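Taken in order, these protein sequences are the chains called A and B.
Per the UniProt record's numbering, residue 1 is the first one in the first sequence, and the count goes up by one each step.
Per the UniProt record's numbering, residue 1 is the first one in the second sequence, and the count goes up by one each step.
2 protein chains.
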Amino acid sequence: MAVTLKDIAAEAGVSLMTVSNVVNGKQARVSAATRERILRIVKDRGYVPSASARSLAAKSSRLVGLLVPAEDRTSLTISPHTVEAIGTLERELRQLDYHLMLRGIAHRAEITEALRSWQLDGAVLLGFNDPEIDRLTAGVVGDVALVAMDSYSENPLALGVRSDDFGGAEQAVSHLVALGHRRIAFAGPAFSATGVVRQRFEGYRTVLEANGIAFDQSLVADVETTHAGGLAYGRRLTRERPDVTAVFTTADILAIGLIEGLAAEGRSVPGDVSVIGYDDSDLAVYVTPKLTTVAQDLPDKAAETVRLIMDRLAGKARPEHHTTLGVRLIERGTAAPPARQGGGAAGTA
Amino acid sequence: MAVTLKDIAAEAGVSLMTVSNVVNGKQARVSAATRERILRIVKDRGYVPSASARSLAAKSSRLVGLLVPAEDRTSLTISPHTVEAIGTLERELRQLDYHLMLRGIAHRAEITEALRSWQLDGAVLLGFNDPEIDRLTAGVVGDVALVAMDSYSENPLALGVRSDDFGGAEQAVSHLVALGHRRIAFAGPAFSATGVVRQRFEGYRTVLEANGIAFDQSLVADVETTHAGGLAYGRRLTRERPDVTAVFTTADILAIGLIEGLAAEGRSVPGDVSVIGYDDSDLAVYVTPKLTTVAQDLPDKAAETVRLIMDRLAGKARPEHHTTLGVRLIERGTAAPPARQGGGAAGTA
DNA sequence: CTGAAAGCGCTTACAG
DNA sequence: CTGAAAGCGCTTACAG
């Protein structure tokens, strides 16, 4: 078997405890000489502490879960925009000597199971919507340090970290208005009373109002956050609302599909229609023209998430409010003045 | 604290052991009546077994590591093409009641550490290159069930699962030759004697030879697998080798950058130059024209990876050979006959 | 500054 | 079919 604390203790001629203290860096409790000798042996023998023994004996597992919704027999849907978060989460945790367990959640009970079975110190909820988070009770999550990314739930059991979705929408739509657009559509997935998409919608509506543009419910489109969703919407929009000169979307991928759908109907971007995306994913610069979009700092969001978890673990009080990170509009090539507004592109070039 | 085996045993009036047997489904050892009674209580009390206690006592942790190379202070580089694999890996494992631990590896010693500290039953190596895998010794990895994805290493310590890279290149380059191309470049990252890129290169070279096309070393370009890498290469290629009419690339992202670089120099795809990508990532259909590319079945690869690990855990003999999965060329819009070959596009339209 | 004891929640032989 | 004992490798009080 692998070498254990006992082996090291025997070789060093000290007790288990002393080795344990040294390994865990409780310096004050061991003389420098002893410490160095033990560290030598630990290194020579290639001792690696047993995490399961440690979790069992201590109250801490040094394990954080990354919980992601998943259909039962289905793979995790990891959107391109969450991938980046995963990598950063892992790094931040690794640097603090924590480990990341990735777990798909098909039923709510699996949250409890994941948390309890591995005695997770904390967990981040990625991709759950607000109603799901609202429903979390102490019975389900115990008192694990929980952080929900992109949540607007007021459930005190799960701290929220998100970016300024309302402000992002404001920036995007203001930009469109400043360019001269008046008939601006909103395209995103169905939303409820709360959540990321709702916030962006409110930002959109607020800017319209502030600029004296009447809100038109028929300009709000329920579009799935996929390329196909955007594409279908682009065609539909051309047929049903050729008067629309700009669209604010809730995701780059949707915006890119939209642009293709528009093109399929002979309408160019930004010549005939301006389009603004959201996320500033890598994709945004791979397409032509490059996408004007709202950028959020994912690494920053992930780092903040880890910080919140660590604060909670360190026994700090729960913060009063959610954490909101800034966003900014990245102007590229898909938003322009409504020069040739209306009609198809075919005869206008 | 949470409810334990002991609590259940007490409530059911049986021994710890009996509950343990029931929970672990060792049916033969407990009467049906007792079993049902225990199961009831387990459910009512919401008992969740402690994974750390179990790993400590048993020889199995039911934990599989996903080890990914990572610079020290850097996030994991999760290429879009590996993301899909992660999701599928998680699902397959979850269905078998295993868990996935995601771990970035900065130094080789961290592999040992990850494996030993959590007593991982198995691990998949994702994104390591062949020389790194060659260097793995029993001292580093013990006898954990190890599977390296996309590896051509002959190291018996890490079984390999990959797709038919040689064949994929053959299909792509044959297609180009059939279209009438003779000056076909190869663009991919630097490669050594073995590995994925080397295989694709050999496939490329083999097809050229089979068709009586002299191999030209100056047509083999060392290009980083990024959009920027492809873009720079596109510009360079136009200036230095305007006679090239087709490029076979080792990644979609590189191909997309290449197309943009070509366009920046006034050359169109596929009008002036044909381009074939690799991976059939989502990206491939987001760009215009849609990318002709070689598709590999990532979910299948992930499933096969899990199967190999489980076989090893079940004590089956190590397979004789690596597992190789099929690939296929997806013809879309970036490969066409070399109609207007040579020169820039500006005056040829 | 260092140590002996108890215990974390399980499973593994081994008895009956 | 069921149980009492030992032990997995640690940490946590508590003594000295």
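All C-beta atoms in this analysis are idealised placements derived from N, C-alpha and C, irrespective of residue type, glycine included.
These numbers were taken from a predicted model, which means no experiment stands behind them.
- Legend: CB atoms of the region 86-107 of chain A lying less than 9 Å from CB atoms of chain B belong to residues 86, 87, 88, 89, 90, 91, 92, 94, 95, 99, 100, 101, 102, 103, 104 and 106.
- Restricted to the region 133-160 of chain B, the beta strand (DSSP E) segments that are unbroken, complete and at least 3 residues in length are 145-149, listed in chain order.
- Taking CB atoms only, residue 119 of chain B has a neighbour in chain A less than 8 Å away.
- The distance from the Cβ of residue 323 of chain B to that of residue 124 of chain B is about 13 Å, inconsistent with a contact at the 8 Å cut-off.
- Excluding five sequence positions before and after residue 333 of chain A, the CB atoms of its chain that fall closer than 6 Å to its own CB belong to 289 and 290, given in chain order.
- A straight line joining the alpha-carbon of residue 237 of chain A with that of residue 86 of chain B spans about 36 Å.
- The beta carbons of residue 127 of chain B and residue 90 of chain A sit no closer together than 8 Å.
- Judged by DSSP in its simplified three-state form, residue 277 of chain B adopts strand.
- Sequence-distant partners of residue 239 of chain A (beyond 5 residues in either direction) whose C-beta falls short of 8 Å from its own C-beta, in its chain, are 265.
- Here residue 68 of chain A carries a strand assignment [DSSP, helix/strand/coil].
- Taking the Cβ atoms as the reference, residue 259 of chain A lies roughly 5 Å from residue 269 of chain A, within the contact range of under 8 Å.
- For residue 186 of chain B, the secondary structure class from DSSP, reduced to helix, strand or coil, is strand.
- B/14 is the residue among B/24, B/51, B/52 and B/14 whose C-alpha sits nearest the C-alpha of residue 37 of chain B.
- If you draw a straight line from the Cα of residue 160 of chain B to the Cα of residue 19 of chain B, it comes to about 40 Å.
- Neighbours of residue 51 of chain A in chain B, taken as residues whose beta carbon is under 7 Å from its own, are 117 and 118 in chain order.
- In the three-state reduction of the DSSP assignment, residue 175 of chain A falls in the helix class.
- Looking from the CA of residue 278 of chain A, the closest CA among A/62, A/57, A/204 and A/24 belongs to A/204.
- The beta carbon of residue 110 of chain B is closer than 7 Å to none in its chain, skipping five residues each way along the sequence.
- For the set A/224, A/293, A/6 and A/131, the Cα lying nearest the Cα of residue 174 of chain A is the one of A/293.
- One alpha carbon belongs to residue 32 of chain A, the other to residue 303 of chain A, and they sit about 35 Å apart.
- Note on geometry: alpha-carbon atoms of residue 249 of chain A and residue 51 of chain B lie some 44 Å from one another.
- For residue 227 of chain A, the closest Cβ of chain B is nearer than 8 Å.
- Cα atoms of residue 227 of chain B and residue 256 of chain B: separation of roughly 7 Å, rounded to the nearest angstrom.
- Here residue 172 of chain A is near residue 276 of chain A, since their CB atoms are less than 8 Å apart.
- None of the residues of the region 174-192 of chain A has a beta carbon lying less than 8 Å from any beta carbon of chain B.
- The C-alpha of residue 177 of chain B is placed about 10 Å away from the C-alpha of residue 210 of chain B.
- In the DSSP assignment, residue 248 of chain A falls outside any alpha helix (DSSP H) and within the unbroken beta strand (DSSP E) covering 246-249.
- Any Cβ of chain B closer than 8 Å to the Cβ of residue 256 of chain A would place that residue at the interface, and such an atom is present.
- Residue 125 of chain A carries a strand assignment under DSSP once its states are collapsed to helix, strand and coil.
- For residue 287 of chain B, the nearest CB of chain A lies under 8 Å from its own CB, placing it at the interface with that chain.
- A distance of 8 Å or more separates the beta carbons of residue 2 of chain A and residue 41 of chain A.
- The DSSP-derived three-state label of residue 292 of chain B is strand.
- Measuring C-alpha to C-alpha distances from residue 180 of chain B to each of B/217, B/152 and B/246 identifies B/246 as the nearest.
- Beta bridge pairing from DSSP links residue 221 of chain A with A/187.
- Secondary structure of residue 79 of chain A (DSSP, three-state): coil.
- Approximately 6 Å separates the beta-carbon atoms of residue 232 of chain A and residue 261 of chain A; this is inside 8 Å, confirming the contact.
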